[in-house]
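Inspection log for the structure reproduced underneath, given as structure tokens.
Residue numbers (this note's numbering): 24 to 283.
This is how it looks when you write it as structure tokens:
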């Protein structure tokens with residue numbers, strides 16, 4: 024006689040355990056990629072890479088999304104807007120005689136009363152946060168409009184306030200906003216500084232010397248582990264030297280060579 028051995032059917036334990044305990048054994052993790060799915064994904068990637076039309080369409084979609092970004096568009100157009108505003112103010116000053124002499128300009132600022140310093144502080148702080156008008160121009164204008172001492176104090180208050188706000192914004196928003204305002208290559212260049220163990224020292228030196236884009240550096244510092252207290256101390260102790268060297272120095276040269 025021949026006997027036929029039937030295969031033993033093993034019942035999975037997971038349903039039994041789940042039935043007894045009342046708990047599900049499934050997790051929220053994504054299913055593992057099998058060799059078949061991995062091969063399919065690799066084939067799809069290879070096809071996309073070998074097809075120039077597909078690659079161009081993908082790149083075009085990304086470029087189109089970035090060009091339609093309102094923040095990026097505003098960041099690119101703001102220098103032109105600032106230039107237009109500056110040209111309009113110069114034309115108005117020449118027509119009204121305000122810019123015919125330094126005495127006329129300072130008399131006009133004095134006639135504004137408290138609104139003159141307030142408007143200057145708002146414009147200078149805003150230029151540090153968002154580059155509508157180059158901040159360097161306003162730093163030079165401070166000593167010219169209000170005198171060397173008062174103008175430098177106004178510059179310090181405005182630039183320090185804007186720098187602190189940049190750090191605070193970056194601390195809560197991250198790199199997403201920074202990469203939309205500034206060019207990607209510039210951001211990546213200064214992000215390399217953060218990978219150094221001496222970033223804090225390099226940052227303090229850059230703030231003290233008017234040789235680097237302080238507004239961008241303050242944004243980037245907000246994305247690092249730098250403490251708020253450390254950042255405030257660097258701004259308060261190092262920023263005055265840059266403002267004195269740049270603001271007072273350049274404004275003195277301008278006043279020396281302008282026909283006023």
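Glycine included, every Cβ here is placed at the ideal spot set by N, Cα and C. Computed from a prediction, not measured in an experiment: that's the story for all the values here.
Contacts around residue i, its chain only, beta-carbon distance under 7 Å, and the 5 residues preceding and following it disregarded
i: residue 163; result: 270, 273, 274, 277
i: residue 266; result: 162, 175, 178, 179, 182
i: residue 257; result: 226, 227, 230
i: residue 116; result: 122
i: residue 261; result: 227, 230, 231
i: residue 171; result: 271
i: residue 134; result: none
Buried versus exposed call for residue i [16 or more other C-beta atoms within 10 Å across all chains shown]
i: residue 92; result: exposed
i: residue 212; result: exposed
i: residue 206; result: exposed
i: residue 45; result: Residue confidence for residue 45 is low, a pLDDT of 42 falling below 50, so the modelled location carries little weight; the figure read from the coordinates is stated next. With fewer than 16 other Cβ atoms within 10 Å, it is exposed.
i: residue 136; result: exposed
i: residue 165; result: buried
i: residue 111; result: exposed
Close Cβ partners of residue i (< 6 Å) along its chain, the five nearest in sequence each way excluded
i: residue 130; result: none
i: residue 132; result: 139, 168
i: residue 280; result: none
i: residue 264; result: 231
Cβ pair residue i, residue j closer than 8 Å
i: residue 128; j: residue 160; result: no
i: residue 148; j: residue 185; result: yes
i: residue 144; j: residue 255; result: no
i: residue 253; j: residue 209; result: no
i: residue 154; j: residue 109; result: no
Beta-carbon contacts of residue i that lie in its chain and below 8 Å, excluding the five residues immediately before and after
i: residue 193; result: 200, 201, 241, 242, 243, 244, 245, 246
i: residue 189; result: 151, 152, 238, 241, 242, 245
i: residue 191; result: 245
i: residue 113; result: 122
Interface flag, residue i vs chain D, CB-CB below 8 Å
i: residue 245; result: Absent here is chain D; the protein component of the structure consists of one chain.
Any non-hydrogen atom of the ligand COA within 7 Å of residue i CB
i: residue 274; result: As presented, the structure is devoid of all ligands, the ligand COA included, so that no description of it is given.
Take every Cβ of the segment 260–270, pair it with every Cβ of the segment 195–205, and state whether three or more of those distances are shorter than 8 Å.
no
Does the pairing of the segment 201–217 with the segment 240–247 give three or more beta-carbon distances under 8 Å?
yes
With three or more beta-carbon pairs closer than 8 Å as the criterion, would you say the segment 230–239 touches the segment 120–134?
no
At what residue ranges does the segment 210–279 contain a whole run of the beta strand (DSSP E), taking only runs of 3 or more?
none
Segments assigned alpha helix (DSSP H), at least 4 residues, entirely inside the segment 99–170:
125–134, 138–152, 158–169
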